[in-house]
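Asks: Which chain is which? The protein sequence lines are V, U, Y and G, in order. The opening position of the first sequence corresponds to residue 0 in numbering that gives the first Met the number 0, with each subsequent residue numbered one higher. The opening position of the second sequence corresponds to residue 0 in numbering that gives the first Met the number 0, with each subsequent residue numbered one higher. The opening position of the third sequence corresponds to residue 0 in numbering that gives the first Met the number 0, with each subsequent residue numbered one higher. The opening position of the fourth sequence corresponds to residue 0 in numbering that gives the first Met the number 0, with each subsequent residue numbered one higher. Yeah, the Cβ is synthetic: ideal placement off N, Cα and C, and Gly gets one too. Can you read through this structure? Questions will come right after.
There are 4 protein chains.
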Amino acid sequence: MRDADIYTQQGFGHSSGFGARPALLIVDFVVGFTDPAIYGGGNILDAVANTRELLAVARERGLPVAYTRVVYADDGADAGVFCQKAKGLERLTEHAPASQIVAALAPRAGELIVRKTQPSAFFNTMLAPWLSGKGVDTVIVTGCTTSGCVRASVVDSLSHNFRTVVATDGVGDRALGPHEANLFDMGQKYADLMTCAEIAVRIRQAV
Amino acid sequence: MRDADIYTQQGFGHSSGFGARPALLIVDFVVGFTDPAIYGGGNILDAVANTRELLAVARERGLPVAYTRVVYADDGADAGVFCQKAKGLERLTEHAPASQIVAALAPRAGELIVRKTQPSAFFNTMLAPWLSGKGVDTVIVTGCTTSGCVRASVVDSLSHNFRTVVATDGVGDRALGPHEANLFDMGQKYADLMTCAEIAVRIRQAV
Amino acid sequence: MRDADIYTQQGFGHSSGFGARPALLIVDFVVGFTDPAIYGGGNILDAVANTRELLAVARERGLPVAYTRVVYADDGADAGVFCQKAKGLERLTEHAPASQIVAALAPRAGELIVRKTQPSAFFNTMLAPWLSGKGVDTVIVTGCTTSGCVRASVVDSLSHNFRTVVATDGVGDRALGPHEANLFDMGQKYADLMTCAEIAVRIRQAV
Amino acid sequence: MRDADIYTQQGFGHSSGFGARPALLIVDFVVGFTDPAIYGGGNILDAVANTRELLAVARERGLPVAYTRVVYADDGADAGVFCQKAKGLERLTEHAPASQIVAALAPRAGELIVRKTQPSAFFNTMLAPWLSGKGVDTVIVTGCTTSGCVRASVVDSLSHNFRTVVATDGVGDRALGPHEANLFDMGQKYADLMTCAEIAVRIRQAV
Numbered sequence: 000m001r002d003a004d005i006y007t008q009q010g011f012g013h014s015s016g017f018g019a020r021p022a023l024l025i026v027d028f029v030v031g032f033t034d035p036a037i038y039g040g041g042n043i044l045d046a047v048a049n050t051r052e053l054l055a056v057a058r059e060r061g062l063p064v065a066y067t068r069v070v071y072a073d074d075g076a077d078a079g080v081f082c083q084k085a086k087g088l089e090r091l092t093e094h095a096p097a098s099q100i101v102a103a104l105a106p107r108a109g110e111l112i113v114r115k116t117q118p119s120a121f122f123n124t125m126l127a128p129w130l131s132g133k134g135v136d137t138v139i140v141t142g143c144t145t146s147g148c149v150r151a152s153v154v155d156s157l158s159h160n161f162r163t164v165v166a167t168d169g170v171g172d173r174a175l176g177p178h179e180a181n182l183f184d185m186g187q188k189y190a191d192l193m194t195c196a197e198i199a200v201r202i203r204q205a206v
Numbered sequence: 000m001r002d003a004d005i006y007t008q009q010g011f012g013h014s015s016g017f018g019a020r021p022a023l024l025i026v027d028f029v030v031g032f033t034d035p036a037i038y039g040g041g042n043i044l045d046a047v048a049n050t051r052e053l054l055a056v057a058r059e060r061g062l063p064v065a066y067t068r069v070v071y072a073d074d075g076a077d078a079g080v081f082c083q084k085a086k087g088l089e090r091l092t093e094h095a096p097a098s099q100i101v102a103a104l105a106p107r108a109g110e111l112i113v114r115k116t117q118p119s120a121f122f123n124t125m126l127a128p129w130l131s132g133k134g135v136d137t138v139i140v141t142g143c144t145t146s147g148c149v150r151a152s153v154v155d156s157l158s159h160n161f162r163t164v165v166a167t168d169g170v171g172d173r174a175l176g177p178h179e180a181n182l183f184d185m186g187q188k189y190a191d192l193m194t195c196a197e198i199a200v201r202i203r204q205a206v
Numbered sequence: 000m001r002d003a004d005i006y007t008q009q010g011f012g013h014s015s016g017f018g019a020r021p022a023l024l025i026v027d028f029v030v031g032f033t034d035p036a037i038y039g040g041g042n043i044l045d046a047v048a049n050t051r052e053l054l055a056v057a058r059e060r061g062l063p064v065a066y067t068r069v070v071y072a073d074d075g076a077d078a079g080v081f082c083q084k085a086k087g088l089e090r091l092t093e094h095a096p097a098s099q100i101v102a103a104l105a106p107r108a109g110e111l112i113v114r115k116t117q118p119s120a121f122f123n124t125m126l127a128p129w130l131s132g133k134g135v136d137t138v139i140v141t142g143c144t145t146s147g148c149v150r151a152s153v154v155d156s157l158s159h160n161f162r163t164v165v166a167t168d169g170v171g172d173r174a175l176g177p178h179e180a181n182l183f184d185m186g187q188k189y190a191d192l193m194t195c196a197e198i199a200v201r202i203r204q205a206v
Numbered sequence: 000m001r002d003a004d005i006y007t008q009q010g011f012g013h014s015s016g017f018g019a020r021p022a023l024l025i026v027d028f029v030v031g032f033t034d035p036a037i038y039g040g041g042n043i044l045d046a047v048a049n050t051r052e053l054l055a056v057a058r059e060r061g062l063p064v065a066y067t068r069v070v071y072a073d074d075g076a077d078a079g080v081f082c083q084k085a086k087g088l089e090r091l092t093e094h095a096p097a098s099q100i101v102a103a104l105a106p107r108a109g110e111l112i113v114r115k116t117q118p119s120a121f122f123n124t125m126l127a128p129w130l131s132g133k134g135v136d137t138v139i140v141t142g143c144t145t146s147g148c149v150r151a152s153v154v155d156s157l158s159h160n161f162r163t164v165v166a167t168d169g170v171g172d173r174a175l176g177p178h179e180a181n182l183f184d185m186g187q188k189y190a191d192l193m194t195c196a197e198i199a200v201r202i203r204q205a206v
């Protein structure tokens, strides 16, 4: 039996739907993750371009927008086990060029910037209370990498009880095998998969 | 370039090592996830058998041992978005046969049983404080599914700053494609990959 | 200067208000905390009686209702530092008479029962995601003790970004000095203070 | 019966003790909380002076040291319900003079600075994983205010399963009534109470 068929037969792959109050979460689209010489590559730049269009729609309709950055202390005091697996991650400090959000997606006043040291945008950050305080019921996720911080954030978004939508062409990865494999996992168990264009239509309907 | 080479070039895939105070975490080895007619299949039964041997070593050396079960309220009051993606999950209630830990791995007094409704063993559970209270520095993970609750638990274990080791033949999945893909992701970014036999040797050295 | 004047001068004691989607949280009104021979006494029984009336209004208007119980494992595997400070707390197990919710406030189907081992109703429990999933913006708190689990839950409710209201005559304590002192702290910094009768009026306006 | 007698009779007020691996947590000793014209006053400056001596001992013995600061975004994007109760709190931004740690306690490289927006040092911050990663079993707490962020942090420290010690003369408050009332609550239920001098002796014994 094909993998997808096993999931279907066991009850996975249903839609969790789109609620009345969506928000946009943009994960780790920072210089270092878009530069192939650091942590970038693959289809990440395409995902940035698609996110830029989706962000315009989100702003036009007044959706809450949140961004994540990886930010470690200048002295490395908060470098933990993750920095042992991924050596050099702790160089992403507050003012390091590699840790700045890309210019195409520069945040505006009132949008939330989440500083994090772990994969998930939600892990020990104020993101969930911020979304909850704005009455959000649906989290739309773009960013990178699909197989890393996007996946971790999507699992936590679901766990916090938000309907979760992954923008299939708004997320990117340095390598396409893990990108595809993680889209499969997320679509079966954690999130609905839609293109940025499809999401834009739904935002205009919902808000 | 091969996927693995991209990761190596960008600094991933290093070892986080094995500490002095390991614990064993056994994720969702319950009847319903070992039965192919419910959520089981693939290599899950092999993983149970290998975990049984590793559990014997862990107990012999006095390691803290924790198990997870998926447990929803009898009236479905706590069913959330996860139950929309995976229909029927909320049938795993306290006394449902499908939600009981398999007999081969029956917990003993003093071992922790974590009831959870979300993918990760750590998400809004008392697992991390329990491990921390026992001075644990390394979490060895077995269970199922590799691409689901194991992966989510491993990401959180790392995020809680525990060195994390995935037992490659102690974790299983209903479908082998996602099993392999998630072992790759975890090995590159979140955990060290070792067989149960290799882990047994390290436990005997460490404790 | 009087204590209250210092707070006023420094900008504390403002109202956070009452939102459009309130929920009722009933903390630890279990047999053992209403029995003076165990953990009860003081004004706790009066608070149960007042909560009973508020609960009727909450149900009439369809508010989400959540209860907490203290529940430790039968074998004490999850007893931690809290059980060292408060000896015997670990006797509150799933089936112990002392850990059952009082009959006057028996939960109904669809209402959430939160099992906890720590002071706060929110600490590593699924309460916040459950409330968020129901679109709640305001948490009304009754229960006991004012200086213990109510206070801890109120601080976390605020931290999760819920407007928080403490029912002054719906919370009780084994000793009245700490009851009054904690109402003062909560009113200045974390929650609005209202009587059950005042809250009932606001619920009928809001919903 | 006196309040304290009720607690004794019901099993509270026992010691949770001092472990082998203590850390020092210094809560919100920033300019704005030491200045009576902002959020300061009472016995806070005395507590800073006593903490300075304890910090010297902690550093001499190589204890992990963590500090908290209240830090909101420059544009107020993350101001929540807490800022409605305590108006003006959101003025404590990264570079505001009032949000800087006092000069007498200037952090050194390798010590952790926790930025927070809520009362507790632990709430959605990386403090617990950081302490756990250093093998800490005991958290010594100084800072301000006793009835606010110290109390909230102490409850969470206990909940994370750390033995917790409050330095009675290393914590301070703008008003002495709440200071005393909260020391009582914490001593009965959450933490051991010791003076800075007593703690210094225990550190020298433990490490």
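Would you kindly work out how many angstroms separate the C-alpha atoms of residue 209 of chain G and residue 27 of chain G, rounded to a whole number?
Replies: As displayed, chain G neither begins before 0 nor continues past 206, which places residue 209 of chain G out of reach and without an answer.
Asks: 8 angstroms is my cut-off, CB to CB: does residue 128 of chain G come that close to chain U?
Replies: Cβ-Cβ to chain U under 8 angstroms: yes for residue 128 of chain G.
Asks: Determine the closest residue to residue 98 of chain G out of G:71, G:86 and G:76, with distance taken between C-alpha atoms.
Replies: Among G:71, G:86 and G:76, the Cα nearest to that of residue 98 of chain G is on G:71.
Asks: For residue 84 of chain G, name the three-state secondary structure that DSSP assigns.
Replies: Three-state DSSP puts residue 84 of chain G in a helix.
Asks: Compute the minimum distance between the beta carbon of residue 183 of chain G and the heavy atoms of the ligand MG, and state whether it is under 7 angstroms.
Replies: You won't find the ligand MG in this model; it holds no ligand whatsoever.
Asks: Do residue 133 of chain U and residue 22 of chain U have their C-beta atoms within less than 8 angstroms of each other?
Replies: Going by C-beta atoms, residue 133 of chain U is nearer than 8 angstroms to residue 22 of chain U.
Asks: Using the C-alpha atoms, what's the distance from residue 167 of chain V back to residue 141 of chain V?
Replies: Cα to Cα, the separation comes out at about 8 angstroms.
Asks: Please work out which residues of its chain come closer than 6 angstroms, Cβ to Cβ, to residue 137 of chain U, disregarding the five sequence neighbours upstream and downstream, and give them in chain order.
Replies: Taken in chain order, the residues that qualify are 17, 18, 21 and 162.
Asks: So residue 109 of chain G contacts chain U; which residues on that side make the cut at Cβ distance below 7 angstroms?
Replies: By Cβ distance, chain U contributes nothing, its closest Cβ being about 16 angstroms from residue 109 of chain G, past 7 angstroms.
Asks: What runs of the alpha helix (DSSP H), each 4 residues or longer, lie entirely inside the segment 2 to 43 of chain G?
Replies: Here the runs fully enclosed are 2 to 8 and 30 to 33.
Asks: Using three-state DSSP, classify residue 114 of chain Y as helix, strand or coil.
Replies: Strand.
Asks: I need the straight-line Cα distance from residue 152 of chain V to residue 158 of chain U, nearest angstrom please.
Replies: One C-alpha to the other measures close to 12 angstroms.
Asks: Please list the residues of the segment 76 to 92 of chain U that have a C-beta atom closer than 7 angstroms to any C-beta atom in chain V, keeping them in chain order.
Replies: Cβ contacts with chain V: 79, 80, 81, 83, 84, 85, 86 and 87.
Asks: Figure out for me which residue from V:30, V:194, V:7 and V:57 has the closest Cα to the Cα of residue 24 of chain V.
Replies: If we check each option's Cα against that of residue 24 of chain V, V:57 comes out closest.
Asks: Counting only the same chain and skipping the five closest in sequence on each side, list residues whose C-beta sits under 6 angstroms from that of residue 174 of chain Y.
Replies: Same-chain partners within the cutoff: 41.
Asks: Starting from residue 139 of chain Y and walking both ways along the beta strand (DSSP E), at which residues does that stretch end?
Replies: Start and end: 137 to 143.
Asks: With DSSP run on the structure shown, which of helix, strand or coil describes residue 174 of chain G?
Replies: Coil.
Asks: In whole angstroms, give me the CA-to-CA distance for residue 77 of chain U and residue 125 of chain Y.
Replies: So the two alpha carbons sit approximately 8 angstroms from each other.
Asks: Which residues in chain G sit within 7 angstroms of residue 131 of chain U, going by Cβ to Cβ distance?
Replies: Residues of chain G passing the Cβ test: 131, 159 and 160.
Asks: Quick one: is residue 134 of chain Y near chain V, going by C-beta distance under 8 angstroms?
Replies: So yes, residue 134 of chain Y belongs to the interface.
Asks: Could you say which of Y:84, Y:169, Y:113 and Y:111 lies nearest to residue 46 of chain Y if we only look at CA atoms?
Replies: If we check each option's Cα against that of residue 46 of chain Y, Y:169 comes out closest.
Asks: Taking Cβ positions only, does residue 71 of chain V come closer than 8 angstroms to chain U?
Replies: By this cut-off, residue 71 of chain V is not an interface position.
Asks: Against chain V, does residue 10 of chain U count as a neighbour if the rule is that its beta carbon must be under 8 angstroms from one of theirs?
Replies: It does; some Cβ of chain V falls within 8 angstroms.
Asks: Assign residue 150 of chain G to one of three DSSP states: helix, strand, or coil.
Replies: Correct three-state label for residue 150 of chain G: helix.
Asks: List the residues of chain V whose Cβ lies closer than 7 angstroms to the Cβ of residue 176 of chain U, in chain order.
Replies: Near residue 176 of chain U (Cβ distances below 7 angstroms), the residues of chain V are 2.
Asks: Only counting the same chain, and skipping five residues up and downstream in sequence, which positions put a Cβ closer than 7 angstroms to that of residue 6 of chain U?
Replies: For residue 6 of chain U, where only same-chain residues beyond five positions count, the Cβ hits under 7 angstroms are 12 and 187.
Asks: Which whole-angstrom value is the C-beta distance of residue 165 of chain V and residue 190 of chain V, which I expect to be below 8 angstroms?
Replies: At roughly 5 angstroms, the Cβ-Cβ gap stays under 8 angstroms, so residue 165 of chain V and residue 190 of chain V are in contact.
Asks: Using a Cβ-Cβ cut-off of 8 angstroms, state whether residue 118 of chain Y counts as contacting chain G.
Replies: It does: the Cβ of residue 118 of chain Y has a partner Cβ on chain G nearer than 8 angstroms.
Asks: Using the C-alpha atoms, what's the distance from residue 181 of chain U back to residue 83 of chain U?
Replies: Rounded to the nearest angstrom, the two C-alpha atoms are 23 angstroms apart.
Asks: What ranges does the alpha helix (DSSP H) occupy inside the segment 52 to 106 of chain U, keeping only unbroken runs of at least 4 residues that lie completely in it?
Replies: Listed in chain order, the complete alpha helix (DSSP H) runs (minimum 4 residues) inside the segment 52 to 106 of chain U are 80 to 84.
Asks: Can you find a CB in chain V that lies within less than 8 angstroms of the CB of residue 32 of chain U?
Replies: Judged by the 8 angstroms Cβ criterion, residue 32 of chain U is not in contact with chain V.
Asks: Give me the Cα-Cα distance between residue 88 of chain U and residue 33 of chain U, rounded to the nearest whole angstrom.
Replies: Each residue's Cα considered, the two are about 14 angstroms apart.
Asks: Quick check: is the beta carbon of residue 155 of chain G nearer than 8 angstroms to any beta carbon in chain V?
Replies: Chain V, which has no Cβ nearer than 8 angstroms to the Cβ of residue 155 of chain G, makes this no.
Asks: Do residue 68 of chain U and residue 30 of chain U have their C-beta atoms closer together than 8 angstroms?
Replies: No. Outside cutoff.
Asks: Nearest to residue 73 of chain G by alpha carbon, out of V:111, V:115 and V:50?
Replies: Closest by alpha carbon: V:111.
Asks: Need the endpoints of the beta strand (DSSP E) that residue 193 of chain G sits in, please.
Replies: Where residue 193 of chain G is concerned, the enclosing beta strand (DSSP E) stretches over 191 to 193.
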